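**Student:** Got a structure for you, questions after.
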Amino acid sequence: MNSFRFVHLVQFVLLMSLQVLLMRNLVLWQTGFCFVYVGFILFLPIDIDKILLLVLGFISGITIDLFYDTAGVHAAATVLVAYLRPSMLKILTPRDGYEVTDTPALPSMGWRWYLTYSVVLLFAHHFTLFFLELNGFKLIGFTLAKIIASTLFTGTVLVILQMLFFEKRARGFR
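In C-alpha coordinates, the structure reads:
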(Lines of atoms letter the chains of each structure in order from A and count residues from 1; the text may use other names and numbers.)
(Lines give C-alpha, C1' and ligand atoms only; values in the text may rest on other atoms or scores of the structure.)
Protein backbone atom coordinates (compact mmCIF):
# COMPACT_ATOMS: atom_id res chain seq x y z
CA MET A 1 0.00 0.00 0.00
CA ASN A 2 1.56 3.29 -1.00
CA SER A 3 1.78 6.21 1.39
CA PHE A 4 -0.89 8.17 -0.51
CA ARG A 5 -3.57 5.54 0.11
CA PHE A 6 -2.35 5.01 3.65
CA VAL A 7 -2.77 8.73 4.43
CA HIS A 8 -6.39 8.66 3.21
CA LEU A 9 -7.12 5.45 5.12
CA VAL A 10 -5.78 7.03 8.31
CA GLN A 11 -7.77 10.19 7.57
CA PHE A 12 -10.93 8.08 7.13
CA VAL A 13 -10.42 6.23 10.41
CA LEU A 14 -9.59 9.39 12.35
CA LEU A 15 -12.50 11.45 11.02
CA MET A 16 -15.02 8.63 11.53
CA SER A 17 -13.71 7.99 15.05
CA LEU A 18 -13.77 11.69 15.87
CA GLN A 19 -17.36 11.93 14.61
CA VAL A 20 -18.63 8.89 16.49
CA LEU A 21 -16.75 9.38 19.75
CA LEU A 22 -16.70 13.15 20.19
CA MET A 23 -18.75 15.14 17.71
CA ARG A 24 -21.87 13.05 18.20
CA ASN A 25 -22.32 14.61 21.64
CA LEU A 26 -21.16 18.11 20.75
CA VAL A 27 -24.13 20.37 20.00
CA LEU A 28 -24.25 24.16 20.13
CA TRP A 29 -27.46 25.58 21.61
CA GLN A 30 -29.56 22.60 20.42
CA THR A 31 -29.10 23.94 16.87
CA GLY A 32 -25.53 23.51 15.61
CA PHE A 33 -24.28 19.99 14.95
CA CYS A 34 -20.79 19.12 13.78
CA PHE A 35 -20.44 16.51 11.02
CA VAL A 36 -16.68 16.43 10.67
CA TYR A 37 -16.74 13.12 8.77
CA VAL A 38 -17.75 15.00 5.60
CA GLY A 39 -14.21 16.36 5.59
CA PHE A 40 -13.06 12.96 4.32
CA ILE A 41 -14.90 13.53 1.03
CA LEU A 42 -13.92 17.20 0.88
CA PHE A 43 -10.20 16.50 1.34
CA LEU A 44 -9.82 13.70 -1.22
CA PRO A 45 -7.54 14.46 -4.19
CA ILE A 46 -8.89 16.66 -6.97
CA ASP A 47 -8.27 14.08 -9.69
CA ILE A 48 -9.96 11.12 -7.95
CA ASP A 49 -12.16 8.90 -10.11
CA LYS A 50 -15.83 9.94 -9.89
CA ILE A 51 -17.15 6.40 -9.34
CA LEU A 52 -14.61 5.81 -6.56
CA LEU A 53 -15.61 9.15 -5.04
CA LEU A 54 -19.28 8.09 -4.97
CA VAL A 55 -18.39 4.72 -3.45
CA LEU A 56 -16.25 6.38 -0.77
CA GLY A 57 -19.08 8.83 -0.10
CA PHE A 58 -21.48 5.95 0.43
CA ILE A 59 -19.03 4.04 2.65
CA SER A 60 -18.38 7.05 4.86
CA GLY A 61 -22.06 7.93 5.11
CA ILE A 62 -23.22 4.39 5.85
CA THR A 63 -20.49 4.05 8.48
CA ILE A 64 -21.96 7.00 10.34
CA ASP A 65 -25.49 5.66 9.80
CA LEU A 66 -24.48 2.42 11.51
CA PHE A 67 -23.40 4.28 14.63
CA TYR A 68 -26.18 6.89 14.59
CA ASP A 69 -28.96 4.40 13.67
CA THR A 70 -30.29 6.75 10.98
CA ALA A 71 -31.17 4.30 8.19
CA GLY A 72 -29.20 5.78 5.29
CA VAL A 73 -29.78 9.49 5.85
CA HIS A 74 -26.06 10.25 6.24
CA ALA A 75 -25.24 7.98 3.29
CA ALA A 76 -27.65 9.86 1.04
CA ALA A 77 -26.33 13.27 2.09
CA THR A 78 -22.69 12.22 1.71
CA VAL A 79 -23.26 10.63 -1.70
CA LEU A 80 -24.87 13.91 -2.79
CA VAL A 81 -21.74 15.79 -1.68
CA ALA A 82 -19.57 13.30 -3.56
CA TYR A 83 -21.75 13.79 -6.64
CA LEU A 84 -21.64 17.61 -6.47
CA ARG A 85 -17.92 17.84 -5.65
CA PRO A 86 -16.53 17.45 -9.23
CA SER A 87 -18.90 20.15 -10.50
CA MET A 88 -17.90 22.45 -7.67
CA LEU A 89 -14.22 21.85 -8.42
CA LYS A 90 -14.84 22.62 -12.09
CA ILE A 91 -16.61 25.88 -11.21
CA LEU A 92 -13.77 26.93 -8.91
CA THR A 93 -10.91 25.96 -11.23
CA PRO A 94 -8.19 28.63 -11.04
CA ARG A 95 -7.29 30.51 -14.23
CA ASP A 96 -4.09 28.45 -14.62
CA GLY A 97 -5.84 25.19 -13.73
CA TYR A 98 -5.00 22.93 -10.84
CA GLU A 99 -1.44 21.86 -10.15
CA VAL A 100 -0.61 18.19 -9.70
CA THR A 101 0.16 18.75 -6.01
CA ASP A 102 -3.03 20.71 -5.26
CA THR A 103 -5.52 19.25 -2.84
CA PRO A 104 -8.90 20.79 -2.05
CA ALA A 105 -7.70 22.06 1.31
CA LEU A 106 -7.01 25.41 2.89
CA PRO A 107 -3.18 25.27 2.90
CA SER A 108 -2.87 24.53 -0.81
CA MET A 109 -5.78 26.53 -2.27
CA GLY A 110 -6.17 29.57 -0.01
CA TRP A 111 -8.96 30.98 2.12
CA ARG A 112 -11.36 32.35 -0.49
CA TRP A 113 -11.26 29.24 -2.67
CA TYR A 114 -11.55 26.82 0.26
CA LEU A 115 -14.36 28.68 2.03
CA THR A 116 -16.44 28.85 -1.16
CA TYR A 117 -15.83 25.17 -1.86
CA SER A 118 -16.51 23.91 1.65
CA VAL A 119 -19.45 26.14 2.59
CA VAL A 120 -21.41 25.25 -0.56
CA LEU A 121 -20.82 21.50 -0.18
CA LEU A 122 -21.40 21.51 3.59
CA PHE A 123 -24.63 23.46 3.10
CA ALA A 124 -25.79 20.91 0.52
CA HIS A 125 -24.92 18.06 2.92
CA HIS A 126 -26.69 19.60 5.89
CA PHE A 127 -29.71 20.68 3.85
CA THR A 128 -30.16 17.14 2.56
CA LEU A 129 -29.45 15.54 5.93
CA PHE A 130 -31.85 17.61 8.01
CA PHE A 131 -34.74 17.57 5.54
CA LEU A 132 -34.40 13.81 4.99
CA GLU A 133 -34.28 13.36 8.75
CA LEU A 134 -37.52 15.33 9.10
CA ASN A 135 -39.08 13.47 6.18
CA GLY A 136 -40.34 16.68 4.60
CA PHE A 137 -40.31 20.44 4.95
CA LYS A 138 -41.89 20.68 8.41
CA LEU A 139 -40.55 23.30 10.81
CA ILE A 140 -38.73 25.01 7.96
CA GLY A 141 -37.55 28.01 10.02
CA PHE A 142 -35.93 25.93 12.76
CA THR A 143 -34.52 23.50 10.20
CA LEU A 144 -32.91 26.32 8.21
CA ALA A 145 -31.39 27.65 11.44
CA LYS A 146 -29.99 24.16 12.13
CA ILE A 147 -28.59 23.97 8.59
CA ILE A 148 -26.85 27.35 8.81
CA ALA A 149 -25.53 26.81 12.35
CA SER A 150 -24.32 23.31 11.53
CA THR A 151 -22.64 24.46 8.30
CA LEU A 152 -20.77 27.19 10.18
CA PHE A 153 -19.88 24.86 13.07
CA THR A 154 -18.66 22.04 10.82
CA GLY A 155 -16.78 24.46 8.59
CA THR A 156 -15.03 26.06 11.55
CA VAL A 157 -13.98 22.69 12.97
CA LEU A 158 -12.67 21.56 9.57
CA VAL A 159 -10.62 24.77 9.24
CA ILE A 160 -9.15 24.22 12.71
CA LEU A 161 -8.30 20.59 11.89
CA GLN A 162 -6.57 21.67 8.68
CA MET A 163 -4.55 24.33 10.44
CA LEU A 164 -3.44 21.76 13.02
CA PHE A 165 -2.73 18.74 10.84
CA PHE A 166 -2.27 19.68 7.17
CA GLU A 167 1.21 20.66 6.10
CA LYS A 168 1.66 24.04 4.48
CA ARG A 169 2.47 23.86 0.79
CA ALA A 170 5.04 25.96 -1.04
CA ARG A 171 2.25 28.18 -2.38
CA GLY A 172 1.28 28.88 1.23
CA PHE A 173 -1.85 30.62 2.42
CA ARG A 174 -3.28 33.05 -0.11
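For the sequence shown, UniProt numbering begins at 1 and goes up steadily by one. Note that the Cβ used here is the ideal one computed from N, Cα and C, for glycine as well. Just so we're clear, the structure is a prediction, and the values are computed from it rather than from any experiment.
Over the uninterrupted alpha helix (DSSP H) stretch that includes F131, give me the two end residues.
**Tutor:** In the sequence shown, counting from the first residue as 1, residue 131 sits at position 131. Its alpha helix (DSSP H) spans residues W111 to L134.
**Student:** Note down, in chain order, each residue of its chain lying with its Cβ closer than 8 Å to the Cβ of F153, except the 5 sequence neighbours on either side.
**Tutor:** Against the sequence shown, residue 153 aligns to sequence position 153. Taken in chain order, the residues that qualify are L28, G32, F33 and C34.
**Student:** Quick check: the Cα distance between D135 and T63, rounded to an integer number of angstroms?
**Tutor:** Along the sequence shown, read from residue 1 onward, the residue named residue 135 stands at position 135. Along the sequence shown, read from residue 1 onward, the residue named residue 63 stands at position 63. According to the sequence as given, residue 135 is Asn; it is not Asp. For N135 and T63, the distance between alpha carbons rounds to 21 Å.
**Student:** With distances taken Cα to Cα, identify the nearest neighbour of L56 among Y83, Y68 and V119.
**Tutor:** Walking along the sequence shown from the start, residue 56 turns up at place 56. That would be Y83, whose Cα lies nearest to the Cα of L56.
**Student:** Over what stretch of residues does the alpha helix (DSSP H) that includes M88 continue unbroken?
**Tutor:** Taking the sequence shown and counting its residues from 1, the one referred to as residue 88 is at position 88. First-last of the alpha helix (DSSP H) with M88: V73 to I91.
**Student:** Can you check which of these residues, L164, V159 and A149, is closest to L26 by C-alpha distance?
**Tutor:** Looking up residue 26 in the sequence shown gives position 26. When each option's Cα is compared against that of L26, the closest is A149.
**Student:** Checking the sheet assignment: what are the DSSP bridge partners for G32?
**Tutor:** On the sequence shown, position 32 is the one that residue 32 refers to. DSSP lists L28 as partners of G32.
**Student:** Exposed or buried, F127, counting other C-beta atoms within 10 Å across all chains shown (16 or more means buried)?
**Tutor:** In the sequence shown, counting from the first residue as 1, residue 127 sits at position 127. With 16 or more Cβ atoms within 10 Å of its Cβ, F127 is classed as buried.
**Student:** Okay, do the stretch 89-100 and the stretch 128-147 touch, 3+ Cβ pairs below 8 Å being the bar?
**Tutor:** Verdict: no, contact absent.
**Student:** When you compare only the Cα positions, how much space is there between A170 and L106?
**Tutor:** Taking the sequence shown and counting its residues from 1, the one referred to as residue 170 is at position 170. Taking the sequence shown and counting its residues from 1, the one referred to as residue 106 is at position 106. Here the model assigns A170 a pLDDT of 38, short of 50, so the residue's position is not dependable and the matter cannot be decided.
**Student:** So, for L122: in the same chain, excluding its five sequence neighbours on each side, which residues have a beta-carbon less than 7 Å away from its beta-carbon?
**Tutor:** Mapped onto the sequence shown, residue 122 falls at position 122. So the qualifying residues of the chain are V38, T151, T154 and G155.
**Student:** Can you tell which of P104, V79 and A77 has its C-alpha closest to the C-alpha of K90?
**Tutor:** Position 90 of the sequence shown, counted from the start, is the residue given in the question as residue 90. Nearest option by C-alpha distance: P104.
**Student:** Tell me where the alpha helix (DSSP H) around D65 begins and ends.
**Tutor:** In the sequence shown, the residue the question calls residue 65 occupies position 65. Here the alpha helix (DSSP H) through D65 covers K50 to Y68.
**Student:** Leaving aside the five residues before and after G172 along the sequence, list all residues of the same chain whose C-beta is less than 6 Å from its C-beta, in chain order.
**Tutor:** Locating residue 172 in the sequence shown gives position 172, counting from the first residue. Any reading at G172 must be qualified, since the residue scores a pLDDT of 42, below 50, and its modelled position is unreliable; the value itself is stated next. Here the set comprises nothing.
**Student:** Going by DSSP in three states, I160 sits in which element: helix, strand or coil?
**Tutor:** Residue mapping note: residue 160 aligns to position 160 of the sequence shown, counting from 1. Three-state result, I160: helix.
**Student:** So, helix, strand or coil for R5, using DSSP?
**Tutor:** As a position in the sequence shown, residue 5 is number 5, starting the count at 1. The answer is helix: DSSP assigns R5 an H, G or I state.
**Student:** Can you tell me whether K50 is buried or exposed, with buried defined as 16 or more other CB within 10 angstroms of its CB?
**Tutor:** Here residue 50 refers to the residue found at position 50 of the sequence shown. With fewer than 16 Cβ atoms within 10 Å of its Cβ, K50 is classed as exposed.
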